[in-house]
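Student: First residue of the sequence shown: 1, per the UniProt record's numbering; consecutive thereafter.
Mind having a look at this structure? Questions to follow.
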Amino acid sequence: MPKVALATLGCKVNQYETQFLREHLIQAGFREVPFKEKADFYIINTCSVTERADHKSEELIKAAKKNGSNAHLIVTGCYAEAEKDNLRKRFPQIDLVLGNEEKLKIPRIITGPNENHKDTKSFIQTFHAH
Numbered sequence: 001m002p003k004v005a006l007a008t009l010g011c012k013v014n015q016y017e018t019q020f021l022r023e024h025l026i027q028a029g030f031r032e033v034p035f036k037e038k039a040d041f042y043i044i045n046t047c048s049v050t051e052r053a054d055h056k057s058e059e060l061i062k063a064a065k066k067n068g069s070n071a072h073l074i075v076t077g078c079y080a081e082a083e084k085d086n087l088r089k090r091f092p093q094i095d096l097v098l099g100n101e102e103k104l105k106i107p108r109i110i111t112g113p114n115e116n117h118k119d120t121k122s123f124i125q126t127f128h129a130h
């Protein structure tokens, strides 16, 4: 059973959308673990209302790769949307940066290749190319 860790910063909309992701991923067979534990996927739903929120988003990105060096890292939300290119340059360990309009597609993206998730990295790269 693949493990997923979710982190959310910001508004109630982000909280609601993360809950949507949580429910759909659990329904798809994922087990949620605390963000500080090893996971197969780390999903960070960012905020960009303040400079402090930007900084917290970056700290979560760093923490995710420390926690699970081989894990897939997906960053979404307002900060991800506003700083997409900058995040890719500064944090090459990010597998996928998604804006707010694509956020709710995450369950489909990470369950897309097959049931045992062996080809997820290539599937994410293929999705990103579109």
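Glycine residues also receive a C-beta, built at the ideal position from the N, C-alpha and C atoms.
Between the alpha carbons of A63 and A7, how many angstroms are there, rounded?
Tutor: Within the sequence shown, residue 63 is the residue found at index 63, counting from 1. Within the sequence shown, residue 7 is the residue found at index 7, counting from 1. If you take the alpha carbons of A63 and A7, they lie about 11 Å apart.
Student: What is the DSSP secondary structure of F41, reduced to helix, strand or coil?
Tutor: In the sequence shown, residue 41 corresponds to position 41, counting from 1. DSSP places F41 in strand when its eight states are reduced to three.
Student: Is E83 helix, strand or coil by DSSP?
Tutor: Numbered from 1 along the sequence shown, position 83 holds the residue referred to as residue 83. Coil at E83, not helix or strand.
Student: Have a look at D54, A71, A5, P92 and flag the residue whose alpha-carbon is nearest the alpha-carbon of E81.
Tutor: As a position in the sequence shown, residue 81 is number 81, starting the count at 1. Checking every option, the nearest Cα to that of E81 belongs to D54.
Student: Does DSSP put A64 in a helix, a strand or coil?
Tutor: One-based indexing of the sequence shown puts residue 64 at position 64. It is helical.
Student: Given this structure, state the Cα-to-Cα distance separating I74 from L25, to the nearest angstrom.
Tutor: Looking up residue 74 in the sequence shown gives position 74. Looking up residue 25 in the sequence shown gives position 25. Going by the C-alpha atoms only, they are around 14 Å apart.
Student: Expressed to the nearest angstrom, what Euclidean distance is found between the alpha-carbon atoms of K3 and Y42?
Tutor: The count along the sequence shown starts at 1 and reaches residue 3 at position 3. The count along the sequence shown starts at 1 and reaches residue 42 at position 42. Approximately 9 Å, taken between the alpha carbons.
Student: Less than 6 Å between C-beta atoms, sequence neighbours within five positions excluded: which residues of the same chain meet that for A5?
Tutor: Translated into positions along the sequence shown, residue 5 becomes position 5. Only V33, F35, A39, Y42 meet the Cβ criterion.
Student: Quick check on the burial criterion: 16 or more other C-beta atoms within 10 angstroms. Buried or exposed for E83?
Tutor: The sequence position of residue 83 within the sequence shown is 83, counting from 1. Classification for E83: buried.
Student: Between S69 and the rest of its own chain, which residues show a CB-CB distance below 7 Å, the 5 nearest in sequence each way excluded?
Tutor: Walking along the sequence shown from the start, residue 69 turns up at place 69. Same-chain partners within the cutoff: there are none.
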